[in-house]
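Protein chains: 2
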Amino acid sequence: MPVYKAPLRDQQFVLHEVLQAVEHVRQMPPFRDLDADTVNQVLEEGGRFCSQVLQPLNLSGDEQGCRFDAATHEVRTPDGFRAAFDQLREGGWQGLTADAEYGGQALPHVLQIAFDEMRCAANQAWTMYSGLTQGAYECLRAFGAEPQKAIFLPKLVSAEWTGTMCLTEAHCGTDLGLLRTRAEPQPDGSYRITGQKIFISAGEHDLAENIVHLVLARLPDAPAGTKGISLFAVPKFLPQGEGAQARVGARNALYCGGIEHKMGIHANSTCQIVFEGATGWLVGEPNRGLNAMFVMMNGARLAVGVQGLGLTEAAYQNAAAYAKERLQGRSLAPGAKSDRAADPIIVHPDVRRALLTARAWAEGGRAFSLWLALMLDQQHHHPDASEREFAADMMALMTPVAKAFLTDNAFDGVSQCLQVFGGHGYIHESGMEQLLRDARINMIYEGTNSIQALDLLGRKVLMDAGAKLRSFGKLVQQFITEQGSSLEMNEFVTPLADLGDKVQKLTMEIGMKAMSNAEEAGAAAVSYLRVIGHLVFAYFWARMARAALDRVGAAGADPFYRAKLATARFYFQRLLPETAYHIRAARSGAKNLMELEAELF
Amino acid sequence: MPVYKAPLRDQQFVLHEVLQAVEHVRQMPPFRDLDADTVNQVLEEGGRFCSQVLQPLNLSGDEQGCRFDAATHEVRTPDGFRAAFDQLREGGWQGLTADAEYGGQALPHVLQIAFDEMRCAANQAWTMYSGLTQGAYECLRAFGAEPQKAIFLPKLVSAEWTGTMCLTEAHCGTDLGLLRTRAEPQPDGSYRITGQKIFISAGEHDLAENIVHLVLARLPDAPAGTKGISLFAVPKFLPQGEGAQARVGARNALYCGGIEHKMGIHANSTCQIVFEGATGWLVGEPNRGLNAMFVMMNGARLAVGVQGLGLTEAAYQNAAAYAKERLQGRSLAPGAKSDRAADPIIVHPDVRRALLTARAWAEGGRAFSLWLALMLDQQHHHPDASEREFAADMMALMTPVAKAFLTDNAFDGVSQCLQVFGGHGYIHESGMEQLLRDARINMIYEGTNSIQALDLLGRKVLMDAGAKLRSFGKLVQQFITEQGSSLEMNEFVTPLADLGDKVQKLTMEIGMKAMSNAEEAGAAAVSYLRVIGHLVFAYFWARMARAALDRVGAAGADPFYRAKLATARFYFQRLLPETAYHIRAARSGAKNLMELEAELF
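These protein sequence lines are chains A and B, in that order. Read in the working numbering, the first sequence has 585 at position 585, and its numbers run on one by one without any break. To convert, take the position in the second sequence, counting from 1, and add 601; that gives the working numbering.
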C-alpha cells in the first residue's frame, strides 16, 4: 500500500532558509503579523490532514471511481470522500487565502501552494473538487458584481458550495473561439444558458449542497471568435435570499449528462453538463468572458504544476521506501560485502538514478513553485508598485513554465519511480500505476503543455521582446555575482551562467526567425520551454546548494544539508544536460516539421 | 474508436528496398524457394487478420479484462478472444516459423517479426497468449528430450496448447538466484514441483485445452544461487498417449491462485500459479535451467521490443487521422488562408512534431527489428559459419537494444500521440490511453530496461572488449564509405559518422572507469543504451534515406519516398540530438549517484 509523509522539513528549508518567505510577506500589509511558527503550524496541521485523511482514500477512490446514476443524473463520489470534505470545511482549509470578509483566513498564497502540493500528493482526484472551488472564488471575487459576491463568495469559502469552470465543448477545447453555448438576456437581468459542455471536472457530485458553474457562452449579438465570449455564473440550485444568508432554492435547468471513463483521476467526476435554458448571471463585462476566465485559469495552471509536483514527491517517497526494503541482486561496489543473499536494491546505481531524478524534480519544483507563490502574493499585496509589477511579470512569464515543466517532469519522475518497483509497479496495489495515470492528465488540462509552450515563447517572451525574461535573468545574474569566486559554488554557478548565456542567444535566434515566419516559434516552443524550465531549476538548485553549504559544515549539522547538496550535484550533472538536446532541437527550425504535405501523414 | 491499418507498404519498403530480405534469406537452405510474392501475400493476409479480427477486440478486451473465478480457479478471457484464437489456429499462424516436422510452415523469422508487429499493434494483450506459446516451442525445441518434443511441439505449433514461462516469485524477479520453488525427483523420472509463481502471463485462460508451464525450480541437491536452477515442463493437464497422438489426461496439481489488477494489458491474464506437487519433466540439464530459459527469454526480448514498435505505429495512425480531421485554431504559416473558422490541427508545428516523433520511432524501429530478425535467421540457417557467427553476435549485442530502446521510444511516442488528442486522448473511447497503459509494461517485463542496459554495456560490450560493437561499427563504416562524397547523403552521413566516433570514445572511457569500479558501468548503462540505440537508428535511417533518394526523383515516383526523406530529416534533426544529453549523462560518472547514504533517501 502506498504511503505519504508531508515533506515538512523540505518545505521549511525552502520557505525559511532559501526564500526567507516570512520576512518577505511581512513587507506586505495583510501579512505584517505573520510569523514562522504560524506558517509551520499550518503546514504541520495541513500535512496531517493530507497524510492521515486524504491519502488513505486515494487508492480506494481510484478503484471505486465515481458512479453516475442515469435516472437521477446524480454522481456518487467514492466512499469516504464526503467525510473528508466535511473535514475540509471544519478545518477551514478551503478559505486559507480567502478574504476575511468572506470568512477566509487571509493567509498568503505561499502557504496555499505548500498545502496544495501536499493534498495533491495525497489525493489529486479529491483535491480537484476543492481546487476548482477556489478558482471559482478567485474569478468571482475579481469580476463578480457585488450582489453575486455577497451570495457566492461566503459559500465558496466555506466549501458549502463548490465551483467549476465550463469551457470545453465537444468540438472545441484549445480553440474556444468556436464555442456555441448561448446566453439569452431575460427581463430580470439574468440570462438563459443553453448548450452542452464536456470535460467539466467536479461538474456533479455529492460533496456539497450546491455547485456554481462558471460558464462561457455567447450573447445573441456577440461577435464571432474569442471576442464574443461572455462568462456566466450558473448554479445547480438557484440561491434563495440575499447575501451570506442565501440558501439553496429551486433546481436550475441544467444536469449532468454522463461522466467520462478516463485513464486516471477516477475519483473526480469529469462531466458532460447540459444547460437547457438554465438561469445564469453575467460575470464581468459582456464579451470579455475569456479575460475573466483567464484569472481562474492562471491560478489553475500554477495549481496544475503543483499537482505534478505533489505526485512526483509521492512517487519518490514510495519508491525510496521500496528500494531500501526490497532485496534483489548484490552491490557491485569495490569491496562490497554482505552476509545476505541479496542487498536492498538501493545499492544499484540505476535505481538511485531513477530515485534521484524524481527527487531532483520534486525539490526543484518545490522551490520554484513556492517562489512563484510568493510572487503571487507580492503582485497583489506589496506596497511598492514596482515590486508589484515585477511580481506580475514573473507570474506571467513563469506560470506556463510551472504548468508544463513540472507536469512533464512529474510524468517522467513518476514513471521512473514505478520502474523501481519492477513488475510490482505495474500492479494496482502498489499505487504507482495510479500515480502515473493521474499524472498524465496534468500535461493536458488547463491548456495542453504545447499551448503553455506557445504562451511562453510567443506571448510572454517574444511579444515584449524578452523584457520579462531579462527581469528574471537579472535575478540569476545577481545571484551569480553574489557568489563571487566562491570555489565551492563553482560547480553550480558555472553551468547556471553558461545556460543563461545560451538562453539569451537561443531567444534572439528564434525571435529573429519568428519575425519572418510565426511557425518558427511554434516549431521551437516545446523545446524552448524545457530549456527555460532548466534555467529556472538551475537557479533554484544553485540557491538551495548555497543555503545548504552555509550550514553543512557546522558541528552536528543536520544530514539533510548533505542530502541537499548531493541532490543538487545530481541535478546539475544528470538532468541539466537535457538542455544540450533541446537547444539543438529548438534551433533545428520549422522546415523539418512543415515540409511534409498533410496528406502524407 | 481507434483503428489500425497494416503498414504493408512500409514493411515492403524495408524488406525489399532496404534490406533485400528475400535475396538474403534465399542464401539459406531452408528458404531457397522463398519469393517476394509469398512474403507479400503472407503479410497481406496477416495484416488483414490483425486489422479485421484482432484490432476490433482491443478496446472491448481492455474494458472487460479477464475474469477470475475463485471457486473453479478458472480465467475467462474477454468476449471474442476465443473465436480469434480459433482463427489463429485455422490460419496456421502459430506455426509460421516452426519446423515442418511439427506442423509448422518453416518460414523465416523476418516474416514472424513483421507479423508480430502488426498483431501487437492490433491487440497486444491477445497476442501475448500466442507469443508465449511460441517462446515455449523454441525453448522445448532447443532443450527438450525427444519424447517431450514429440508430445509438446505439435500441440504448441498448432496452438491447441499454449505455453508460459514461470520465473518470478513474490520475493524474486530480476534476481532469480533467490528462487525457492522445489522439484523432487520421482522414481518414474518425473519431478514433483512445489512452489508459488507470480506474474505468469497467460498462466490460465479459456483459449486452449491445455497450458504447458515452463517452470524454474530447484532440485534437492542444487547449489545456491543461479547455478542451482533447473527448468521443468509442467502441463496443466498431463498428456495421455505418445507423440503427436497425445491428448489431455488427468488434471495436474497446479492451479491459478488469482490474477493481478494491472495498469494495462487487462485482457491478458497475469496469474499467480500455485504448484502443489505438480508433475513435471526436466528440460535440458539439471542446474542449467537459466540457460535454457534464456533461449526463450531472448526471443521474448526481441518480441517485446516489437510490441513497443506495434503500439507506436498504432498510436501514430490514430493521432495522424485525428490531426487531419480535428478543426482547432488557425495555421500561422505566412500567407495561410482559410475560409473555415478553424484548420485541421495538423497545420500546427507542434502537432507535427509529436506525430513525426512517433513516426520516426516506428519506422526506424521497423527497419531495425526486421534486420535483427534477418540476423536471427542467419544465425540459425546461413551455410557459412562466419556469417552465422556474425549474426549471433549481432543478436547478442542488439537484443537488449531492441527490447529497451523500442519500448522506451514507444512509451514516448504513444504519449505524444495521446497528447495530439488533447483531453479526448485521456478518455477511454479514444483508445489512446489504453495504448499508453499497455506500452508501460513493455519497459518492465522480460527484464526491465535497466537490466537490458546493464546486459548491453556489461555483458555484450565490455566483456568482449567491444568486439561485437566493432562488428556493427564495420557495417556502419562500410555504408558510410559506400556513400562516398554524395552531397545528397551528407546530411545523414555526417551525423552518423560523428555519432560513431563518439560511441567509440564513450565506450572506451566507460570501459576504463569500470575496470576500477563496476558501479561505473551501472551508472552509465541506461544513457549508454540510448546512445547505442540512436547509433542503430541513425544507421537505418541513413539506409532508408539512401533507398528513398534512389527512387524519389523518378518520373511518377511514389510520394511515399518524399515522406520517407522528410521523416529521415526529422529524425536526424529532432531526435538524434538526444545523444548530446545522454553522452553527458553517461560520462558524469557514478559518484553523483552513489555518494548519498541510503538512509538519506
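Yeah, the Cβ is synthetic: ideal placement off N, Cα and C, and Gly gets one too.
- In the three-state reduction of the DSSP assignment, Ala-21 (chain A) falls in the helix class, which pools H, G and I.
- Using a Cβ-Cβ cut-off of 8 Å, Thr-769 (chain B) counts as an interface residue toward chain A, since at least one Cβ of chain A sits closer than that to its own.
- Per DSSP, reduced to three states, the secondary structure at Ala-563 (chain A) is helical.
- Rounded to the nearest angstrom, the Cβ distance from Thr-162 (chain A) to Ile-229 (chain A) is 23 Å, too far for a contact under 8 Å.
- Think of a sphere of 9 Å around the beta carbon of Gly-173 (chain A): the chain B residues whose beta carbon falls inside it are Gln-929, Gly-1023, Gly-1024 and His-1025, in chain order.
- Its chain contains Leu-1150 as the residues whose beta carbon lies nearer than 7 Å to that of Glu-1089 (chain B), once the 5 sequence neighbours on both sides are disregarded; these appear in chain order.
- Here Arg-574 (chain A) really is in contact with Ala-1186 (chain B); their C-beta atoms are around 5 Å apart, less than 8 Å.
- With a threshold of 8 Å between beta carbons, Met-602 (chain B) makes no contact with chain A.
- Taking the beta carbon of Phe-800 (chain B) as reference, the chain A residues within 8 Å of it are Gly-423, listed in sequence order.
- A straight-line Cα-Cα distance of about 8 Å links Tyr-316 (chain A) and Gly-413 (chain A).
- Of all residues in the region 257–275 of chain A, those with a C-beta nearer than 7 Å to a C-beta of chain B are Glu-260, His-261, Lys-262 and Met-263, reading in chain order.
- Judged by beta-carbon spacing, Val-14 (chain A) lies within the 8 Å limit of Ala-367 (chain A), meaning their Cβ atoms are closer than that value.
- Contact of Ala-580 (chain A) with chain B is assigned, a C-beta pair being separated by under 8 Å.
- Look at the beta carbons and you see the region 1030–1042 of chain B not touching the region 977–997 of chain B: under three pairs across the two are nearer than 8 Å.
- Comparing alpha-carbon positions, the option among A:Tyr-137, A:Leu-496, A:Asp-343 and A:Tyr-528 lying closest to Ile-510 (chain A) turns out to be A:Tyr-528.
- Residue burial is scored here from C-beta neighbours: Phe-895 (chain B) has fewer than 16 other C-beta atoms within 10 angstroms and is therefore classed as exposed.
- CA-to-CA, the gap between Gly-335 (chain A) and Glu-1120 (chain B) works out to about 11 Å.
- Contacts between Pro-1178 (chain B) and chain A, judged by CB atoms closer than 7 Å, involve Tyr-581, Arg-584 and Ala-585 in chain order.
- The residues Val-626, Met-629, Pro-709, His-710 and Val-711, in chain order, have a CB closer than 7 Å to that of Asp-978 (chain B) in the same chain once the five nearest residues on each side in sequence are set aside.
- Assignment of Phe-31 (chain A) by DSSP, reduced to helix, strand and coil, places it in the helix class.
- Between Phe-682 (chain B) and Leu-808 (chain B), the C-beta gap is smaller than 8 Å, which places the two residues in contact.
- Leaving aside the five residues that flank Phe-876 (chain B) on each side, the residues in its chain whose CB is nearer than 6 Å to its CB run, in chain order, Ile-794, Thr-795, Gly-796 and Leu-855.
- Counting C-beta pairs with one atom in each stretch, the region 128–148 of chain A and the region 171–189 of chain A have fewer than three that are closer than 8 Å, which means they do not touch.
- Trp-694 (chain B) is not bridged by DSSP to any residue.
- Looking at the backbone, the Cα of Glu-160 (chain A) and that of Ala-244 (chain A) are separated by about 12 Å.
- Annotation: Pro-887 (chain B) to Leu-815 (chain B) spans about 14 Å, alpha carbon to alpha carbon.
- Within the region 517–529 of chain A, contact with chain B at the beta-carbon level (separation under 7 Å) is assigned to Asn-517, Ala-518, Glu-519, Gly-522, Ala-523, Ala-525 and Val-526.
- Apart from sequence neighbours up to five positions away, the residues of its chain that approach Arg-326 (chain A) with a beta-carbon distance below 7 Å are Pro-344 and Ile-345, ordered along the chain.
- Of all residues in the region 1042–1060 of chain B, the ones placed with a Cβ closer than 8 Å to any Cβ belonging to chain A are Ile-1042, Met-1044, Ile-1045, Tyr-1046, Thr-1049, Asn-1050, Ser-1051, Ala-1054 and Leu-1055, in chain order.
- Under the Cβ criterion of 8 Å, Ala-699 (chain B) is not counted among the residues facing chain A.
- Val-604 (chain B) counts as exposed, since fewer than 16 other beta carbons sit within 10 angstroms of its beta carbon.
- Contact between the region 415–425 of chain A and the region 349–363 of chain A is established, with three or more Cβ pairs separated by less than 8 Å.
- For His-674 (chain B), the closest alpha carbon among the candidates B:Cys-872, B:Asn-724 and B:His-617 is that of B:Cys-872.
- Under the DSSP assignment, Val-1002 (chain B) falls in the alpha helix (DSSP H) whose first and last residues are 986–1021.
- Distance from the CA of Asp-558 (chain A) to the CA of Trp-972 (chain B), rounded to the nearest whole angstrom, comes to 56 Å.
- With fewer than 16 other CB atoms across the displayed protein chains lying within 10 angstroms of its CB, Ser-661 (chain B) is exposed.
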